[in-house]
Amino acid sequence: MKCSKCGNPKVIIKREQSGQLLCKDCFIESIEKKVIKTVRKEKLLDKGDKVLVALSGGKDSVTTLEILNSFRKMNVIDICAVTVDEGIDNYRQDGVDIAIRHAKRLGIEHKVVSLKDEYGITLDEIMQRENHKGSCSYCGVFRRTIINKAAREMGATKIATGHNLDDEVQAIMMNYLEGNTDNLTKLGAKTESKAEEFTVKIKPLREIPEREIGIYVVAKELEVHFDSCPYAMQSFRGEVSEVINQLAEKHPTIKYSTLRGYDKIKGILKDGLEKDYAHGRCEKCGEPSANRLCKACSFLEELGCD
Amino acid sequence: MSFILKYKSMEEKRDLPNDDYTIKDLLDDMDLSPQTIVSKQNGDLVIEDTVINDGDEIQLVQIIYGG
Ligand code: SF4
Ligand SMILES: [Zn+2]
Ligand SMILES: [Zn+2]
Numbered sequence: 077m078k079c080s081k082c083g084n085p086k087v088i089i090k091r092e093q094s095g096q097l098l099c100k101d102c103f104i105e106s107i108e109k110k111v112i113k114t115v116r117k118e119k120l121l122d123k124g125d126k127v128l129v130a131l132s133g134g135k136d137s138v139t140t141l142e143i144l145n146s147f148r149k150m151n152v153i154d155i156c157a158v159t160v161d162e163g164i165d166n167y168r169q170d171g172v173d174i175a176i177r178h179a180k181r182l183g184i185e186h187k188v189v190s191l192k193d194e195y196g197i198t199l200d201e202i203m204q205r206e207n208h209k210g211s212c213s214y215c216g217v218f219r220r221t222i223i224n225k226a227a228r229e230m231g232a233t234k235i236a237t238g239h240n241l242d243d244e245v246q247a248i249m250m251n252y253l254e255g256n257t258d259n260l261t262k263l264g265a266k267t268e269s270k271a272e273e274f275t276v277k278i279k280p281l282r283e284i285p286e287r288e289i290g291i292y293v294v295a296k297e298l299e300v301h302f303d304s305c306p307y308a309m310q311s312f313r314g315e316v317s318e319v320i321n322q323l324a325e326k327h328p329t330i331k332y333s334t335l336r337g338y339d340k341i342k343g344i345l346k347d348g349l350e351k352d353y354a355h356g357r358c359e360k361c362g363e364p365s366a367n368r369l370c371k372a373c374s375f376l377e378e379l380g381c382d
Numbered sequence: 095m096s097f098i099l100k101y102k103s104m105e106e107k108r109d110l111p112n113d114d115y116t117i118k119d120l121l122d123d124m125d126l127s128p129q130t131i132v133s134k135q136n137g138d139l140v141i142e143d144t145v146i147n148d149g150d151e152i153q154l155v156q157i158i159y160g161g
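What follows is the structure, encoded as structure tokens:
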């Protein structure tokens with residue numbers, strides 16, 4: 077067995093989708109090239125951008141930071157990072173520490189924001205409440221709000237997240253299966269909100285399979301937090317992901333074709349289905365919101381944290 | 095004929111059942127999905143088709159977690 081590119085016999089991956097065999101150096105190069113290609117093709121970066129990386133310390137966000145940093149080294153963009161500490165005992169601290177070390181190593185502006193400091197309550201405390209709505213609902217909403225706010229405070233022009241091919245394909249299928257056409261129009265490599273308070277979001281890893289990101293960080297010996305959240309449980313997303321992975325075993329190109337197909341119909345979906353943007357503002361915090369209160373503020377009200 | 099297996103905080107000596115025992119066979123025996131694991135043989139990343147030799151150190155790293 078030899079690397080399909082350079083002939084090196086030390087092969088580290090066999091790509092089922094193409095039959096390609098790659099050695100460590102050729103694999104690392106292929107991932108970085110592919111991300112750079114996505115950045116160019118989708119016009120994710122403009123010269124002079126200040127990109128805020130949502131840095132959890134997990135493999136996806138660390139890889140996003142690592143590859144975007146090559147644009148920083150070429151003086152195309154500036155980078156800063158934010159890490160949200162949800163307050164999950166015996167789980168979150170390792171990721172936070174790893175994020176801090178990466179930011180230091182690269183010498184970038186970095187901020188850690190905890191739910192406790194921001195809202196006076198941790199996710200663990202929320203989960204003690206009798207009628208909570210499930211950890212991931214709070215986690216997602218609060219994280220998004222904190223990241224959007226950090227982007228404004230740090231003067232970022234883009235927010236980069238670590239969404240990978242598997243995440244994106246799961247989102248496409250989930251929204252389709254649930255008939256959630258509104259959310260279906262919002263996916264893609266670059267999400268622009270019409271509300272100018274919302275910074276443009278980019279997903280540079282959108283075409284990289286999750287497994288390949290895992291191999292990339294191990295091959296590059298990047299320090300990342302590999303662990304599962306104690307609250308992670310059987311979710312609809314998990315079930316959809318299982319089905320897609322099962323299908324991918326016999327049909328290894330299926331994730332790519334789902335993504336390509338979506339990208340082809342996305343424009344039509346947007347034209348036909350996109351809702352008018354709500355010009356309202358949250359009464360409490362001023363964030364753009366269709367209702368009296370934004371999601372974060374209405375959760376806080378229910379929790380009695382105001 | 096044996097090898098050292100490292101997985102999470104566990105380290106143990108395991109017998110090699112036959113000459114062409116691969117990492118894929120090991121993952122099957124441990125009921126682990128090759129989709130979520132990468133393997134190192136004596137410190138180098140390798141693919142699952144790799145045959146485990148007498149005296150090897152095999153390290154398994156879980157790279158995909160739910161949540
Ligand atoms: S799995 Fe854990 S970290 Fe992920 S969204 Fe849910 S609660 Fe938050
Ligand atoms: Zn090679
Ligand atoms: Zn609000």
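Protein sequences, first through last, are from chains G and A.
To convert a position in the first sequence, counted from 1, into my numbering, add 76.
To convert a position in the second sequence, counted from 1, into my numbering, add 94.
Built from N, CA and C at the ideal position, the CB exists for glycine as well.
Within-7 Å CB hit, residue i to chain A
i, result
"residue 130 of chain G", "no"
"residue 90 of chain G", "yes"
"residue 94 of chain G", "no"
"residue 297 of chain G", "no"
"residue 291 of chain G", "yes"
"residue 304 of chain G", "yes"
"residue 272 of chain G", "no"
"residue 286 of chain G", "yes"
"residue 87 of chain G", "yes"
"residue 294 of chain G", "yes"
Residue burial classification, residue i (beta-carbon count within 10 angstroms, cutoff 16)
i, result
"residue 139 of chain A", "buried"
"residue 318 of chain G", "exposed"
"residue 226 of chain G", "buried"
"residue 174 of chain G", "buried"
"residue 277 of chain G", "buried"
"residue 224 of chain G", "buried"
"residue 186 of chain G", "buried"
"residue 136 of chain A", "exposed"
"residue 98 of chain G", "buried"
"residue 177 of chain G", "exposed"
"residue 117 of chain A", "buried"
"residue 375 of chain G", "buried"
"residue 285 of chain G", "buried"
"residue 341 of chain G", "exposed"
Any chain G beta carbon closer than 7 Å to residue i
i, result
"residue 155 of chain A", "yes"
"residue 99 of chain A", "no"
"residue 159 of chain A", "yes"
"residue 117 of chain A", "no"
"residue 139 of chain A", "yes"
"residue 145 of chain A", "no"
beta-carbon residue i near ligand 1 non-hydrogen atom, thresh 6 Å
i, result
"residue 130 of chain G", "no"
"residue 265 of chain G", "no"
"residue 307 of chain G", "yes"
"residue 215 of chain G", "yes"
Any non-hydrogen atom of ligand 2 closer than 6 Å to residue i Cβ
i, result
"residue 84 of chain G", "yes"
"residue 212 of chain G", "no"
"residue 78 of chain G", "no"
"residue 296 of chain G", "no"
"residue 81 of chain G", "yes"
"residue 102 of chain G", "yes"
"residue 381 of chain G", "no"
"residue 99 of chain G", "yes"
Under 7 Å between C-beta atoms of residue i and residue j
i, j, result
"residue 109 of chain A", "residue 96 of chain A", "yes"
"residue 300 of chain G", "residue 135 of chain G", "yes"
"residue 199 of chain G", "residue 163 of chain G", "yes"
"residue 126 of chain G", "residue 233 of chain G", "yes"
"residue 291 of chain G", "residue 240 of chain G", "no"
"residue 197 of chain G", "residue 156 of chain G", "no"
"residue 172 of chain G", "residue 161 of chain G", "yes"
"residue 151 of chain A", "residue 128 of chain A", "no"
"residue 328 of chain G", "residue 93 of chain G", "yes"
"residue 280 of chain G", "residue 115 of chain G", "yes"
"residue 236 of chain G", "residue 129 of chain G", "yes"
"residue 99 of chain A", "residue 133 of chain A", "no"
"residue 231 of chain G", "residue 140 of chain G", "no"
(message) Please enumerate, following chain order, all residues with a beta carbon closer than 5 Å to at least one heavy atom belonging to ligand 3.
(response) G:358, G:360, G:361, G:363, G:370 and G:373
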